[in-house]
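Number of protein chains: 4
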Amino acid sequence: MSGNTFGTILRLTTFGESHGPALGGVLDGCPAGLDLDEALIQAELDRRRPGSGGLAGTARKEADRVRLLSGVFEGRTTGTPIGFVIENTDQRSKDYNQLKDLFRPGHADFTFQAKFGLRDYRGGGRSSARETACRVAGGAIAQELLRSEGVSVLAYTVELGGVEAQVLDPEGAQGRAFFSPDPEAPARFEERIRQVKAQGDSLGGVVEVQVLGLPPGLGEPVFDKLDARLAYALMGVGAVKAVEIGAGCRAARSLGSRNNDPITPEGFLSNNAGGILGGISSGQPVLARAYVKPIPSIAVEQPTVTTGGQAASIQVGGRHDICAIPRIVPVLKAMTALACADLLLLDRRLGRER
Amino acid sequence: MSGNTFGTILRLTTFGESHGPALGGVLDGCPAGLDLDEALIQAELDRRRPGSGGLAGTARKEADRVRLLSGVFEGRTTGTPIGFVIENTDQRSKDYNQLKDLFRPGHADFTFQAKFGLRDYRGGGRSSARETACRVAGGAIAQELLRSEGVSVLAYTVELGGVEAQVLDPEGAQGRAFFSPDPEAPARFEERIRQVKAQGDSLGGVVEVQVLGLPPGLGEPVFDKLDARLAYALMGVGAVKAVEIGAGCRAARSLGSRNNDPITPEGFLSNNAGGILGGISSGQPVLARAYVKPIPSIAVEQPTVTTGGQAASIQVGGRHDICAIPRIVPVLKAMTALACADLLLLDRRLGRER
Amino acid sequence: MSGNTFGTILRLTTFGESHGPALGGVLDGCPAGLDLDEALIQAELDRRRPGSGGLAGTARKEADRVRLLSGVFEGRTTGTPIGFVIENTDQRSKDYNQLKDLFRPGHADFTFQAKFGLRDYRGGGRSSARETACRVAGGAIAQELLRSEGVSVLAYTVELGGVEAQVLDPEGAQGRAFFSPDPEAPARFEERIRQVKAQGDSLGGVVEVQVLGLPPGLGEPVFDKLDARLAYALMGVGAVKAVEIGAGCRAARSLGSRNNDPITPEGFLSNNAGGILGGISSGQPVLARAYVKPIPSIAVEQPTVTTGGQAASIQVGGRHDICAIPRIVPVLKAMTALACADLLLLDRRLGRER
Amino acid sequence: MSGNTFGTILRLTTFGESHGPALGGVLDGCPAGLDLDEALIQAELDRRRPGSGGLAGTARKEADRVRLLSGVFEGRTTGTPIGFVIENTDQRSKDYNQLKDLFRPGHADFTFQAKFGLRDYRGGGRSSARETACRVAGGAIAQELLRSEGVSVLAYTVELGGVEAQVLDPEGAQGRAFFSPDPEAPARFEERIRQVKAQGDSLGGVVEVQVLGLPPGLGEPVFDKLDARLAYALMGVGAVKAVEIGAGCRAARSLGSRNNDPITPEGFLSNNAGGILGGISSGQPVLARAYVKPIPSIAVEQPTVTTGGQAASIQVGGRHDICAIPRIVPVLKAMTALACADLLLLDRRLGRER
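Protein chains in written order, with this note's numbering: chain A, 1 to 354; chain B, 1001 to 1354; chain C, 2001 to 2354; chain D, 3001 to 3354.
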């Protein structure tokens, strides 16, 4: 746990500001011998790219080309750190000059200034959602590692602006608009977005992640529970305001007799636990949901203050998303993969090996 | 982040099983010169003690006397690690012999066995809620440290078994049954418990924590956000299945124009953010909620399997709570205090000092 | 790397002052299923006990009884943290009142005061050599873990007060006075000690450690080299002023053609590398030496200052060792075992498993 | 402590192989507001550059241009991670094809293969001395941070191939050949090098580092002593086989009455402790020495084995240094600066602030 590094054995360290020369990262602790190339990482990045959001998305055009700098030799990982960079190519910094002296409501402007005493105000600097490109790059490698162990991660939108999607086909969500697990939902999502966009306002939603094939025994019994790590991973993505595991909030209103998952020789009969008991994976699918707030940059006028503390008002134009969904979906998938791959590597040393 | 250690600068390491000789812990990184004595820690432990839960509580009688072993000299901390132990005095291990070969549904029995290949089956061993006594002891010191910096932590029950309490008097909750912030709620909580207890079933609930006086600037922009740390701290308490910050789940259905907290020269006009923007404290009260599942040990008969994989049924008698509330409330307060005190110490080195 | 915790996977956290109620520690990360009992730990502690030093040793009488509090069930480790305490029973604090206001030369008195603003002056408080008892207890478990993997650690005295011992029988050193690898050396060591003791002065020496059976591949290529970890482990023991690996200091005056260890199909022809190449174990015996300074507490009068900064003089009587050898030998063995066991557990996750 | 990350608060993570596309790193935890530009880092890199070694140096021509990618805005650090890359421009990989199937004696070839099961054999891959360029870049920033607090780090050659230099002018060493603190020594060093080079052999030496102006109170009393951290930092540089602090090895043969540094109201009368007592800085200059082995790549023929285990012989030509000095000097300075700056930031949170 440190500012810009995630993980214990598989550690992703990221750097980069929205309008600096480049973003990048280092993934350390990846075992040697894993097949890996740039194309695989690029494919995952393309899912998160500005412009991929359709109606909900930003107009910024970034190629977001990842360049692998180390840790791979003749198509396989070498066990040494995997460094990568993503150049910033479409930086219209002057767009942001007008925001230099204002604190945008719902953004990190005020708190960055309070923390550091100065800030790179261009596009949110380090607190820009652009930072998450590096998480997706690192997460793509983590997914590859998980895949080599028979584990897969799914992520899909179960709600957008109050409109729900049914979890009918989660595997197909990756190829569908809004990463919807429901073939019918995208049309309703678009309708809702059109409506709110016309008012100059913005929307939130709910994303579910599933981990399939995770062996039982991952996670530590006390502080470092698998669910605690997932909560940390998902809540650490900007805009996420709540995280639940399995039955989540509903469990608090249930009875023990209903909430317990009965065990039979054939396995568990339900999965209210979300695949985690006592902080340790049970072998069932791991299930978590992240609740995402509406994008704070809106065209509606809002009261704020200048950096000098004077009353002011703000109306954010520019090329902004009106909903973090769908672009946040690959980010949440990446964080889930990083958390699970780390615990998988961490666990190999204990008990079961003996 | 490691199995049994919490924190970066202020680090609590705990040990101990439900029915071993003793539990204990080490709090490292506490600054020198803080006034501290055993009585202060004992007072917090007494709030969590078996038997303190009234109707909802366990019948096990443990004095839970903490003994300070190091790190304090002439009534003040010395800057060296603070070691403490809590002896186990009322261990009726034979109560558990019948559970030796069964996996209790909703408990960590199966996952412990899967992880370690063997387990201390007496009372849940390391996964027993008894382990949280050490968190409360460490959290009492963290609270003292926060207090010396003008920061206080409140924790109170906002829902129990579907029955809600109003947040009318959160400061008074500590002295009220169920740590209720609402003078009227305890009677309704008791009624609900009586009902469910008669059915041999169990209940969950929702606990809210508030941190008052936390300076702006704590938390790190990317992975190690204040909200991510809180989510990790709270989700790491057994039975917690969801964590939300500020408006939490509701934010996902709100509009940007309503969810943003407007800023004025006098301060923020609302606190949907829960005192955290971009992962960094804003100076407003920090607000989080933990959703607690029903106690899995119930008198109702449930299907399960033996450790050998044979079908069986189980009905848990013994001296068990039927709701983790109120005993979990001081634990959640402790974890919140540990997380915030750690970030406070961590932050002193950056920006604002220069 | 933190003040009172050693290790990444196998982590020893210690606490306790020389004259507080008790010392103790927590060893976390030990795999489940290892045979372990108190007697095994006690045997190692007995080798370091006050009074074990013969002529060179202290007159303080401490039973140094270790009590295991957790992590072991039915004679085997459970994978949960192993907590232990060692009570302080023979604390003559009043012996130290005269030193309350003086900074002893060569001790940590001045620097503790500078760091913490206050200090537990009784017997050096946390900086007392008594703290190392907990390292020995933790190291005893680490040695057991290594033994179960076919790895053994030896430690023996190769020099005391300028008098050298030949490394004739390192395996037999454990049962010999001064942990001497040379049956003839103890008599010469005693003669040297008698001489210097008569002058009220003190002595240093050199201890060598050997790790046999360590598999090739442990240690990380860049910062976290096996030799860097060993240097950290050994230099972190009070009184150690230099650490060398293999040919060590002599390598700096050698030629490449002589210092390189030639490789043949039967193995390496020499071991100037001390079993480590590029920071990674080679499979040869790992060899390190620690250079230990003379005990700073001497009966000879020395100039110093009071805590208020006034000139003063000091002459330390009391029950002090005049040489850290032999009591430091089990401590250096323990630290070597902890470092190697940690790297062994850390390595299992990489490359070779795939 | 992890493979490719150094430090607790100020953390340097590096990546990159000798013959991959680029090397680079991320320095996280640097406070906001520090003046910083590329030129300052470049100046330090130029001191370590291939070709800077004169007679002792390599013939490889690398511009070693550092490019800053993040963490700096308008000439000052922002408190966010500082990412940088150094492109590899002069990679003659084919030079290494002949070494593909041989383990070079004294190199990490065999141990890399044992650890990872495969290796990037081109120029040593990750274990190449080229990796240290990133340490120098990170260290340049750490030195800037220290300078802003009144602390400076010196590093100079005190011995080369058995030829000694007097520490007459350590401040002037930076501008002198071989970073010699003695104006007369370079001529003698060159003479020695010429001699040994003619034989196709190689040389080692000894480098001393000094830290001036470090405040008292840095370092932790038990495992994480200032001297333990320095030993870890310096021993973690390839080719270093011993580290000593202050009187170092000589202390082991001294008497307590001579080795103790007497304290007077005006300060300490000597510095055998090397500025560290009980693991904590005393305010005196911190003094450490690193013993460097001869370069293992020599033109003399040596026995070795192929990766398949067959007997072979090797004679290394190519563009190699014959002594790690002087190029290792800025690396050791960088590591010292990183270790001290980290402890400086770490200490701000304790005792003295209250």
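Even glycine gets a Cβ: it sits at the ideal position worked out from N, Cα and C.
Check	Outcome
Which of the three DSSP states, helix, strand or coil, is assigned to A/T132?	helix
Does the distance from the CB of B/L1023 to the CB of B/A1129 come in under 8 Å?	no
Would A/T304 pass as an interface residue toward chain B - the criterion being a Cβ-Cβ separation below 8 Å?	yes
Do the segment 68-88 of chain A and the segment 3003-3016 of chain D touch if we need at least three Cβ pairs shorter than 8 Å?	yes
Quick one: what does DSSP say B/C1030 is sitting in, helix, strand or coil?	coil
Name the residue from B/L1160, B/G1020, B/I1276 whose alpha carbon lies nearest to the alpha carbon of A/A251.	B/L1160
What do you get for D/L3338, buried or exposed, if any count of 16 or more other CB atoms within 10 angstroms of its CB means buried?	buried
Between A/T80 and chain C, is the shortest Cβ-Cβ distance under 8 Å, so that the two count as touching?	yes
Name the residue from A/P215, A/V300, A/L203 whose alpha carbon lies nearest to the alpha carbon of A/D347.	A/P215
So which residues of chain B does A/P105 contact, with C-beta pairs closer than 8 Å?	N1260, D1261, P1262, I1263
Measuring only the C-alpha atoms, how far is D/C3340 from A/A114?	27 Å
For a minimum of 3 consecutive residues, which ranges assigned as the beta strand (DSSP E) are wholly contained in the segment 2255-2293 of chain C?	2286-2292
How many whole angstroms separate the CB atoms of B/G1020 and B/A1137, which I take to be in contact at a CB cut-off of 8 Å?	17 Å between Cβ atoms; not a contact.
When you compare each of C/G2150, C/L2146, C/K2100, C/R2048 to C/G2124 by their alpha carbons, which one comes out closest?	C/K2100
Report the residue ranges of all beta strand (DSSP E) runs contained in full by the segment 2150-2235 of chain C; include only those spanning at least 3 residues, in chain order.	2152-2160, 2205-2212
How is A/S313 classed by DSSP in three states: helix, strand or coil?	strand
C/T2005 versus chain B: which residues are under 8 Å apart at the beta carbon?	T1005, R1011, T1013, D1028
Are the C-beta of D/P3221 and some C-beta of chain B separated by less than 8 Å?	yes
Pick out the complete beta strand (DSSP E) segments inside the segment 2069-2115 of chain C, 3 residues or longer, and give them in chain order.	2082-2087
Assuming C/A2242 contacts C/A2324 (C-beta within less than 8 Å), just tell me the rounded distance between them.	No, C/A2242 and C/A2324 are not in contact; Cβ-Cβ is about 14 Å, not under 8 Å.
What residues in its chain sit with their C-beta under 6 Å from that of C/Q2376, if we drop five residues either side in the sequence?	Chain C is shown from 2001 up to 2354; residue 2376 of chain C falls before or after that span and cannot be answered.
Interface residues of chain C around D/F3112 at Cβ under 8 Å?	P2221, G2278, I2280
Since A/V66 sits in a beta bridge, which residues does DSSP pair it with?	A/I86
Please list the residues of the segment 1165-1195 of chain B that have a C-beta atom closer than 8 Å to any C-beta atom in chain C, keeping them in chain order.	none
For C/R2188, I'd like the list of residues in its chain whose CB is within less than 6 Å of its CB, leaving aside the five on either flank, ordered along the chain.	V2163
If you measure from the beta carbon of D/V3211 to each beta carbon in chain A, is any gap under 8 Å?	no
Could you tell me the boundaries of the alpha helix (DSSP H) in which A/A43 lies?	38-48
Out of curiosity, what's the CA-to-CA distance linking D/T3306 and D/I3314?	10 Å
Taking the beta strand (DSSP E) that D/P3303 belongs to, which residues open and close that run?	3302-3305
For C/G2351, is the classification buried or exposed, using 16 other Cβ atoms within 10 angstroms of its Cβ as the cut-off for buried?	Here C/G2351 scores only 39 on pLDDT, less than 50, and its place in the model should not be relied on; the value that follows carries that caveat. Label assigned to C/G2351: buried.
Quick one, which of D/D3224, D/L3203, D/D3227 has its alpha-carbon nearest C/R2258's?	D/L3203
Going by DSSP, name the residue or residues bridged to A/V243.	A/A290, B/V1243
Can you find at least 3 beta carbon pairs, one from the segment 174-184 of chain A and one from the segment 149-157 of chain A, that sit closer than 8 Å?	yes
Kindly indicate the opening and closing residues of the beta strand (DSSP E) around A/L12.	11-15
Rounded to a whole number of angstroms, what is the C-alpha to C-alpha distance between A/G213 and A/L345?	15 Å
Which value, in whole angstroms, describes the spacing of the CA atoms of B/R946 and B/N1271?	What is shown of chain B runs 1001 to 1354, which leaves residue 946 of chain B out entirely.
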